[in-house]
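Residue numbers (numbering that gives the first Met the number 0): 0 to 141. For reference, the structure is listed below as structure tokens.
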Amino acid sequence: MCTSTKDAQHQEMQKLVKQNCVSFLDKAFNGLRITSTGQLTTAIILNARQDETAVLLRESVFLISSLVRHMTDYKTTSHSVAAELIDAQKTIIKLQSELISVKDEQLEGVKTTVQTSVASTVKEEFKSYSAAVQGNVKEKPV
């Protein structure tokens with residue numbers, strides 16, 4: 000499965016988990032007649048109706064179970080994405096190594112061409128110089 004599909008699925012799961020949490024907290028706050036978690040005390044819970052408390056406890060267990068499953072999925076996906084990243088980095092390193100080898104071969108070819116060209120030019124210049132020196136030696140009387 001590609002990373003973008005996994006990302007889309009995880010974003011959808013996050014949205015669903017967030018909606019479930021918000022819905023649960025709204026229901027719990029209304030049932031306990033509180034507006035924030037800071038107001039939650041043991042006394043408030045003990046004074047709540049037993050049937051409301053049982054429903055909230057049941058729903059909280061389901062919500063926590065769902066969160067644990069999602070966290071496990073996230074962990075598995077993060078390991079999978081990390082493995083994909085490592086594979087991609089290995090591929091990049093391999094390709095860079097191949098590129099360096101090709102560049103080395105090209106550089107060696109240029110080096111050989113330059114050496115051959117310089118040797119040929121020096122040889123021709125040396126012949127030309129030798130011919131000029133011999134011509135001067137023949138023209139001068141001894």
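From the three backbone atoms N, C-alpha and C, an ideal C-beta is built for every residue, glycine too. Here the structure is a predicted model, which is why all the values come from computation and not from measurement.
Environment of residue i [buried if 16+ CB atoms lie within 10 Å]
i: L45; result: exposed
i: L31; result: buried
Simplified DSSP assignment, three categories, for residue i
i: I33; result: coil
i: R48; result: coil
i: T40; result: coil
Contact set for residue i: own chain, Cβ-Cβ below 7 Å, skip 5 residues either direction
i: F28; result: T34
i: G108; result: none
Contact set for residue i: own chain, Cβ-Cβ below 6 Å, skip 5 residues either direction
i: I92; result: none
Residue-chain proximity (residue i, chain D), Cβ-Cβ < 8 Å
i: V16; result: Among the chains of the structure shown, chain D does not appear; only one protein chain is present.
For residue i, the nearest candidate out of the options (CA to CA)
i: C20; options: T52, E58, K5; result: E58
i: S3; options: D50, T76, L62, V54; result: T76
i: I10; options: E51, Y73, A118, A131; result: Residue 10 is actually Gln in this sequence, not Ile. Ranking E51, Y73, A118, A131 by Cα distance to Q10 puts Y73 first.
Q: Answer yes if the segment 68-86 comes into contact with the segment 5-20, meaning at least three C-beta pairs across the two stretches below 8 Å, and no otherwise.
A: yes
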